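The block underneath contains the structure these notes are about, expressed in structure tokens.
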Amino acid sequence: MILKVMFVGYFPQGYGLGSERNSRPRRRFIILRSEGRRMKLIYTPVEFRSRNYIILLIILACLSIIGFIFFVMSYIEGHHVFGISNRVPWGMSIVITIFLIGLSAGSLIISSLTYVFGKEEYRLISRIAVFLAIVLIFGAMVGISLDLGRPEKMWRLFMFFILNNMRSMFALNGILYGGYFVISFFYLGSIFAERAGWTKKIGILAMIWAALVHMGTGAIFGFIEARPIFFSPIKPFEFLVAAMASGLGLLIIVVVSAFHFASRPFKKEPLFSLGKLLLGFTITLFVFVSIDKLTHLYSPYREPTLWLLTGPFTWLFWIFQVGCGYFLPILLLSHPRTRNTISGLMIASFSVVIGIFFERFNLVIPGTAHPMPFYPGKIEGMWGLTGSYTLTFIELLMCLGIFSMMGLFFILGLRYLELLPFIEKRKNTEDK
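Residue 179 in our numbering sits at position 179 of the sequence shown, and the numbers go up by one each step.
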């Protein structure tokens, strides 16, 4: 199907929403289709006016404040209020950090379909994808600060070549994360300014940088030879594919929900096309994970992988990661009765996001709970025993506070920024 984009006039901001406050002109995009229809995309803020909107904002704000209060408590009391220990040093804050980084990188890469590759049918999701990526990476950085213990010293992470060992993957990722923030803001700014040339150039840089960001996060784990369950040369690529799948899944959920609650019409065909892309990413991810696990099972140091597959965390792996994250979405997105339905697409997207969250959980918690083989075949005392991890109430509320804060920022973005298009279809007539 051939698409053509034309700028053919101006419409006032707020057109179609009953808003008369905003009169600044906005460009009108008309996409001409060969079958005789045209579609106008007019970006306007969403005029939320219902009582439910105010209630939702209050709930999210309260949860964010509660999360901050418990963060202050953890800062005063120390990390012993978490479920972590010397044997399981990474907890839920690390899990959600790498999960959110992947969501952000995947969402930003998907935006390049329009701004880099010129796929105009995906324009209705591209602007919101960039803003969502910024909100998610901010939440990820907050998650890192929860795990630092001394968050006021977070600035030291960005003292490159001065206070950091630049041979460390953590130091290299500091460069990637800092650059990602800056590039993402410039990318969104060029989109709002409607500078197509600059947007494409910055979009290419943003796409490459986003891929490096999550590949670098995967390298943090894949380059740790002391942890056999982590050590893998394909781990950076596995993380990249997981980011694409989870980021696209979340973007589909957010876009459909935003259009629904804003009571704006939207075209379903681009979303069904994205569903096919999500199916491809999910199958590719399943192949990468299978190769990773089979390689570790073949290794002499297979005990950590066997412990994950058959030990106390086996139900999280087989039910949530494999069943919910891979098999269910593949089934829904390939079955003819569900692949071209919004309900099937939404369930598949939810399944992918939940499954990849547990993929991150199964990497961090069981991966660090199993003892390292310091002296293979020898008794090592307590350090030779498997560790345990229990999510504490404080950790739960802190993580809930992060998600609430991101939800609050995103809803306010919809309210005050021109992120969501108002779509109007008309029969093709001669333009004046």
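Using N, Cα and C, we set each Cβ at its ideal position, and we do this for glycine too.
Computed from a predicted structure; not experimentally measured.
Nearest-angstrom Cβ-Cβ length linking residue i and residue j, presumed shorter than 8 Å
i      : j      : result
ALA219 : LYS235 : 7 Å
ILE66  : THR97  : Rounded, the Cβ-Cβ distance is 20 Å, inconsistent with contact.
LEU271 : LEU328 : Wrong, their Cβ atoms sit about 18 Å apart, outside the cutoff.
VAL95  : PHE361 : 5 Å
LEU250 : LEU274 : At roughly 12 Å, the Cβ-Cβ gap does not stay under 8 Å, so LEU250 and LEU274 are not in contact.
LEU420 : ILE128 : 6 Å
MET207 : ILE356 : The pair is not a contact, with the Cβ atoms about 20 Å apart (cut-off 8 Å).
ILE253 : PHE350 : 6 Å
THR217 : ASN173 : 6 Å
LEU308 : PRO366 : 5 Å
CA-to-CA distance, residue j to residue i, given in whole angstroms
i      : j      : result
TYR298 : ILE291 : 11 Å
TRP90  : LEU146 : 11 Å
ALA434 : PHE374 : Since the first and last residues shown for the chain are 1 and 432, residue 434 lies out of range.
ILE183 : VAL142 : 19 Å
THR341 : TYR53  : 28 Å
ALA262 : ARG87  : 48 Å
GLY178 : ARG337 : 44 Å
TYR326 : THR114 : 27 Å
PHE358 : LEU316 : 7 Å
SER126 : PHE223 : 34 Å
PHE422 : ILE42  : 5 Å
VAL130 : THR199 : 12 Å
ALA243 : GLY102 : 4 Å
PRO25  : THR44  : Low per-residue confidence applies at PRO25: pLDDT is 41, beneath 50, and the placement is therefore not dependable enough to give any value.
ARG415 : ILE137 : 20 Å
ILE175 : HIS335 : 43 Å
GLU121 : THR368 : 44 Å
ARG37  : LYS153 : Residue placement at ARG37 cannot be trusted, given a pLDDT of 47 that sits under 50; the coordinates are not used to answer.
PHE82  : THR392 : 6 Å
GLY203 : VAL116 : 6 Å
LEU295 : SER232 : The sequence as given places Thr at residue 295; Leu does not occur at that position. Near 9 Å, if we compare the C-alpha coordinates of SER232 and THR295.
ALA226 : MET372 : 7 Å
MET92  : GLY139 : 14 Å
Sheet register partners of residue i (DSSP bridge)
i     : result
THR44 : LEU420
Outcome for residue i when other beta-carbon atoms lying within 10 angstroms are tallied against a minimum of 16
i      : result
GLU77  : exposed
VAL213 : buried
TYR187 : buried
SER104 : buried
TRP215 : Residue identity differs from the one stated: residue 215 is Met in this sequence, not Trp. Classification of MET215: buried, given that the 10 Å Cβ count is 16 or more.
THR305 : buried
VAL72  : exposed
ALA123 : It should be pointed out that residue 123 corresponds to Arg in this sequence rather than to Ala. It counts as buried.
THR310 : exposed
GLY118 : exposed
ARG195 : exposed
THR390 : exposed
THR333 : The question names Thr, but residue 333 in the sequence shown is Leu. The residue is buried, with at least 16 neighbouring Cβ atoms inside 10 Å.
TRP155 : exposed
GLY413 : buried
LEU163 : exposed
ASN210 : In the sequence as displayed, the identity of residue 210 is Ala instead of Asn. So ALA210 counts as buried.
GLU418 : buried
GLU238 : buried
SER112 : buried
Heavy atom of the ligand FAD within 8 Å of residue i beta-carbon
i      : result
SER111 : Of the ligands one can find in the structure shown there are none, so the ligand FAD has no counterpart to examine.
Fill in: Inter-stretch contact at 8 Å, needing at least 3 Cβ pairs: the region 316-334 / the region 48-66
No contact exists between the region 316-334 and the region 48-66.
Worksheet item: Counting Cβ pairs, one atom from each stretch, are 3 or more of them under 8 Å apart for the region 279-293 and the region 393-406?
Response: With a cut-off of 8 Å, the region 393-406 and the region 279-293 do not count as touching, because too few Cβ pairs lie within range.
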